[in-house]
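Everything below concerns the one structure shown next.
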Amino acid sequence: MKQINAELACDKNTASSESSGLINQLRQIDIGAVPIALFITICAIVAISAYANFLPKNMIGGLAVIMTLGFALAQLGKSIPVLRDIGGPAILCLMVPSVLVYFNVFQPNVMGTVHLLMKDANLLYFVIASLVVGSILGMNRVILIQGMIRMFVPLVVGTITAVITGLLVG
Numbered sequence: 000m001k002q003i004n005a006e007l008a009c010d011k012n013t014a015s016s017e018s019s020g021l022i023n024q025l026r027q028i029d030i031g032a033v034p035i036a037l038f039i040t041i042c043a044i045v046a047i048s049a050y051a052n053f054l055p056k057n058m059i060g061g062l063a064v065i066m067t068l069g070f071a072l073a074q075l076g077k078s079i080p081v082l083r084d085i086g087g088p089a090i091l092c093l094m095v096p097s098v099l100v101y102f103n104v105f106q107p108n109v110m111g112t113v114h115l116l117m118k119d120a121n122l123l124y125f126v127i128a129s130l131v132v133g134s135i136l137g138m139n140r141v142i143l144i145q146g147m148i149r150m151f152v153p154l155v156v157g158t159i160t161a162v163i164t165g166l167l168v169g
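Mapping of the sequence shown onto numbering that gives the first Met the number 0: position 62 corresponds to residue 61, and the numbering continues sequentially without gaps.
Take a look at the structure:
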């Protein structure tokens, strides 16, 4: 009798450990840099606010829309086998929103919010400047100093030559 009770207790433990194992596996999934539970919550908030016209028409609303869509499409691109090998996350992040805009899937308030972010707030200039500065700051200090020394002499000579030529020509 004790053996049967021990086996039943063992079966209950394995069933609960399997369900907790599934929950732990779901907790470990990240979409972008965000845990899946938080990502689903953010997606629901953004979708409901966009549908109900509560999406703020500022940078926060625009970033919420493009980041949730971008994270979801990048994760989808990483998980499709053939597409993953040819740059699927970038391809999906560029093509799918364009197709969705072409077929008028987004509401006008969402389009206005994203337009404000990309055109009026010039987010693209900020991204490009961040990439350039990040690349420069990520370089090895010694190589950066050697490169500046090599560029400094021709830069000074060229500047002096241009000034002298400008003064002589008039």
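Just so you know, even glycine gets a beta-carbon here, dropped at the ideal spot from N, CA and C.
A quick note: this is a predicted structure, and the numbers were derived from the prediction, not measured.
Query, Result
"With a 10 Å radius around its C-beta and 16 neighbouring C-beta atoms as the bar for buried, classify I79 as buried or exposed.", "exposed"
"Could you pull the start and end residues of the alpha helix (DSSP H) that M150 belongs to?", "R140 to V168"
"Would you call the CB atoms of G61 and L115 closer than 8 Å?", "yes"
"Name the DSSP bridge partner or partners of I30?", "V33"
"Drop a sphere of 10 angstroms on the beta-carbon of A43, count the other beta-carbons inside from all chains shown, and report buried for 16 or more, exposed for fewer.", "exposed"
"Is I30 buried or exposed, if buried means 16 or more other CB atoms sit within 10 Å of its CB?", "buried"
"Round the Cβ separation of L68 and P96 to the nearest angstrom and send it over; I've been treating them as touching at under 8 Å.", "6 Å"
"List the whole-angstrom C-beta distance separating L91 from L122, where the pair is believed to meet the contact cut-off of C-beta under 8 Å.", "Between L122 and L91 the Cβ distance is about 20 Å, and since that is not below 8 Å, they are no contact."
"Does the Cβ-Cβ distance between V104 and I65 come in under 8 Å?", "no"
"So within the segment 105-139, which uninterrupted alpha helix (DSSP H) runs reach at least 4 residues, ignoring any that extend past its ends?", "107-114 and 122-136"
"Can you check which of these residues, M58, L37 and I47, is closest to V111 by C-alpha distance?", "Per the sequence presented here, residue 111 reads as Gly, with Val not at that position. Checked all of M58, L37 and I47; the closest Cα to G111 is M58."
"Let me know if G87 comes out buried or exposed under the rule of 16 or more other beta-carbons within 10 Å of its beta-carbon.", "buried"
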